[in-house]
Every structure is written in C-alpha cells, then in structure tokens.
Amino acid sequence: MLLLRIGAIKFGEFTLSSRGKSPYYVDLRLAPSYPDVLDRIGDLYVDVVKNEIQPNWKIDRIAGVPTAGLPVATVVSQKMRIPLIYVRKERKDYGLSKSIEGVVDTNDNILLVDDLVTTGRSTIEEAGILRGIGNVKHVVVLIDREQGGPENLIREGLGLHCLIKITDVFAYLRELGAIPPKTYEIVMDYVKASEKASTQQVVVASGTNQLNSPKSP
Amino acid sequence: MAQTNSTAQNLRSTLARLIEERALFLGEFKSPSGGRSDYYIDMAMIFTEPTSLEIAINLTLNELEKLSVDKIASPSVEADPIVAVVGMHAKLGSLFIHQGEPIYAYEKLENLLNKGKKVVIIADVTLSGNTVLSTAKTLRSAGAEVRTAITLVDLEKGARNLLEGNGIKFVPLVEAKDISVPGKPRKGSTK
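Just so you know, the sequences run in chain order S and Y.
With the working numbering applied, the first sequence corresponds to residues 100 to 316, in that order.
With the working numbering applied, the second sequence corresponds to residues 201 to 391, in that order.
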C-alpha cells in the first residue's frame, strides 16, 4: 500500500529494460522522495537480514546496485553499520576510472542488496562481478516479481530473500479495492505466463552448482 | 541533531582529516564537465564507511537546519548515498537528477515537487560547478525554487562564482584550502 501511495507501483502498459512489455511497473527510485517510506523499507531489509542471514553468515560488506538500489543499500549499510560497496554501472572516464567504490578485501562476505528481482538475470550478472572480489551467497530484495528469479538464483548458488512477493501485493490491493478486478486478473495472468517462460529459458542457459541456501519465505 | 558552531567546526576538520586519509588520490583528474585538478577526492570512500558517513550526515544536517527547505536533490550517482540518508534523517524527500536528467521512468518531476518547491542540491565534490548548475536548471524548469547548493568538498575550481552568478547560494562544508595534499601544504588556517 505504501508503494501504491507513493506511485512506485503503476498499472498500464510498460516496456521493461529487458525489452518485454509489462502491465505493471515498480519503480523504487521513488521511495527516497518519501523519507518515512525509505526509513520503513530500510527497517524491513534490516529485519530480514538479521533473521534470515546473519545467524548463519557473517556479513563484511553490503553491496548496492546503482542507480535504483543504491539509496536503499546505503540506508541498510548505515542502519546496520556495515560498510557499503557498489559497482559503477559505467566506467567513468573522469576521476579515478575505477569500477568498484568502497573498500573490500578478498574473501569478504558480501551481501547483495537490490530493489527487485524479475528473472534474476541482472542480479546474477551483478553477483558475478562481486564474486571476482569476495564471497556472494545471499541476495536481499524488496520485491520478487515472481518471474523465475528465486529458481534461477538458486541454480547460481544464490539464496534470494525477498520482503514481499508481487502477487501478494496484488492480492492485498484487490482486497482493499485499490485496483479493479480486471486489472488484478491481467497482472496475475501476466506473472503466471512470464514465470513459466523465464524458468524454461534460463534452464537452457545455465547449469552451474546447486547450493542448499535457505529459500525466501 | 543541532550542533553548536564549535562542534560543527570540529566536525568539519574531522571530515577534512578523514578525506586526507581515505579519499584523497594524487594524479591529474578531469571532472565530467571538463574541470581539471592535480588531485582528486573520492567521496565514495567517505560515504561507504558508516563512521565517516555519519560525520558527513551530521555536518550536512547542521547546514540544512539553517535553511527553509522542502526537498533535497542529488546531481550525480556519487552523491546519491549521502542525499538518501540525509533525506531520511532530516525527514525530507530526496530527488535524484543525474547529469541534468531526472532518473524516474514514469514519474514527472513536477509531481514530486507538488508538496513543496524549495529544493537544496547536495553535491559530493564540486570543481567547476557545471553539474550542479545543470541540475538546478532541470529542477527550476520543473517549477522548483533552487536557492542553495551544499557541497561536501569544493575544490575551488570556479563553482562558487558560477553558482552564485546564477542565484544559488554556495555552501561548501570542506574546501580545498582545508585539505593538505602531500607536496602542497594546506593554505592558512581553516576558517
């Protein structure tokens, strides 16, 4: 509901960065425009990290993903007092021209904090870069768009911890009458169809180590 | 989190020392807008470490308290971390305008400004001030009032003149003269 109020979830027709079309769009870059929402979301991340990850895994660094995921990763880093690192999207040709910001040691345990997971493709890429520096086993996101993300991540040895599943968000919004039944049907059909398509696609593409990571609830 | 003047002064010199220790790199550097410097300050080294981030947050909050402000804005990815956490602590919304363009996919800047139009830009490092100016222009064309820009570090390469010439009060928290670069002793004392 918080997300709808601030316009972070919109319904209509949208083109995603993966070129696909979607009947809804989530833009968490809007969250910092509402400081109470950013604070609350930051606390939710911290809870999940403390309950699901820290009991079994010591975290040395929190990795944020610019641009959408960097503000919330900074908030989590500050709340938990764990140093932040981030990989620059484009190598800048000014300043220091380096691609990793922050201080990190080989063999540091790095927790990847991002805004959302769709098929997991971009998360896997990001984790791949970070694995060139340290250990990456867990990913925390606010929203799982349920398009094959958790399954695809597990196959790469990455446990996904999500705060909310998108279909739960839709069900909640329908219950409140915040979205019409027709919209609900359209978005639910879309999630189902794209989940199937995405897991089938990526099965062919990957075939690496399995890991017994805790799955998100 | 109000600080007395002397506490603020202490924080300034603490931040300057932290910058010298962690964030100062030697060599010739170019800024995205064409400014040049024979050393470079990488504020990511400050913002990624919780203790030094907190000092930067407190100093920035201290300046914001003196101003009438509805929202704060980041002019670049480098400034996003400090802007996001300062916004959260100051209970002010943060806007992200990178290289003069808003980063939002399906939201108009005008809509984000409808509950208050006084925007203060917060930069990490300023050289010529061009990036901050183009951010101010974008915000102004969306209806914002931009009267102040805070920068964590000003390398004194023209930002003050450029911004003040465009009606923007310029507030550097640390200036080049506060930082001692090896082979280039700090000029005079901190103000």
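We treat Cβ as the ideally placed atom computed from N, Cα and C, and that holds for glycine.
Selection S/V238, S/G231, S/N251 and S/F110 evaluated against S/K295 yields S/N251 as nearest (Cα-Cα). Here the alpha carbon of S/K281 sits roughly 14 Å from the alpha carbon of S/V290.
By the CB criterion at 8 Å, S/L215 and S/L241 fall inside the cutoff. Within chain Y, the residues R222, M245, T248 and E249 have their CB atoms less than 9 Å from the CB of S/V202, given in chain order.
Rounded to whole angstroms, S/D135 and Y/D280 show a C-alpha spacing of 17 Å. By the beta-carbon neighbour count (other beta carbons within 10 angstroms, threshold 16), Y/T338 is buried. Here the region 197-215 of chain S makes contact with the region 155-175 of chain S; the two share three or more CB pairs at distances below 8 Å. Per the coordinates, the alpha-carbon of S/H260 lies some 40 Å from the alpha-carbon of Y/R340. For S/V147 and S/I158, the gap between their C-alpha atoms comes out near 13 Å. The beta carbon of S/V286 sits closer than 6 Å to the beta carbons of P122, Y123 and F269 from its chain, once the five residues preceding and following it are set aside; these are given in chain order.
Using a Cβ-Cβ distance cut-off of 8 Å, the region 250-258 of chain Y and the region 310-317 of chain Y are not in contact, since fewer than three pairs of beta carbons, one from each stretch, lie closer than that value. Just measuring C-alpha positions, the residue of Y/E345, Y/I246 and Y/L267 sitting nearest Y/G367 is Y/E345.
By the C-beta density criterion, S/R180 is exposed, having fewer than 16 other C-beta atoms within 10 angstroms. Close to S/Q177, with beta-carbon spacing below 7 Å, are these residues of chain Y in chain order: P250, L253 and V285.
Taken through DSSP and simplified to helix, strand or coil, Y/S328 comes out as coil. Non-local C-beta neighbours of Y/A323 in its own chain, meaning closer than 6 Å and more than five positions away in sequence, comprise P275, A279, V332 and T351, ordered along the chain. Contact residues of the region 122-154 of chain S toward chain Y are Y124, D126, R128, L129, P131, S132, Y133, P134, D135, L137, D138 and G141 (C-beta to C-beta distance below 8 Å). Interface annotation for the region 303-315 of chain Y against chain S: I303, Y304, A305, Y306, E307, N311 and L312, criterion Cβ-Cβ distance under 8 Å.
With a threshold of 16 other beta carbon atoms within 10 Å, S/A292 falls short and is exposed. Excluding residues up to 5 positions away in sequence, L137 and G141 lie with their Cβ nearer than 7 Å to the Cβ of S/V174 in the same chain. In terms of beta-carbon proximity, S/R244 stays away from the interface with chain Y, with every pair separated by 8 Å or more. Boundaries of the beta strand (DSSP E) around S/K264: G258 to K264. If only uninterrupted alpha helix (DSSP H) runs of at least 4 residues are considered, those enclosed by the region 248-309 of chain Y are 250-264 and 280-290.
At a C-beta separation below 8 Å, Y/D280 has these neighbours in chain S: P165, T166, L169, P170 and T173. Collapsing the DSSP output to three states places S/L115 in coil.
Taking a 10 Å sphere around the C-beta of Y/N330, we find 16 or more other C-beta atoms and assign the residue as buried. Taken in chain order, the members of the region 258-281 of chain Y whose beta-carbon sits within less than 7 Å of a beta-carbon on chain S are V277, D280 and P281. Take Y/I219, set aside five residues on each side of it, and the residues of its chain with a beta-carbon closer than 7 Å to its own are I241, I246, V353, V374 and I379, in chain order. At the C-beta level, Y/V319 and Y/K271 come within 8 Å of one another. With its beta carbon at least 8 Å from every one in chain Y, S/F110 lies outside the interface. Of the candidates S/G247, S/Y133, S/E284 and S/G248, the residue whose Cα lies closest to the Cα of Y/G287 is S/Y133.
The alpha carbon of S/P182 has as its nearest neighbour, out of S/G168, S/K236, S/G201 and S/E255, the alpha carbon of S/G201. Shown here, S/D135 sits in a helix according to DSSP, grouped into three states. CA-to-CA, the gap between S/L102 and Y/N210 works out to about 40 Å.
S/L275: not part of any beta strand (DSSP E); DSSP gives it neither H nor E. Pairing Y/L261 with Y/A290 gives a Cβ-Cβ distance under 8 Å.
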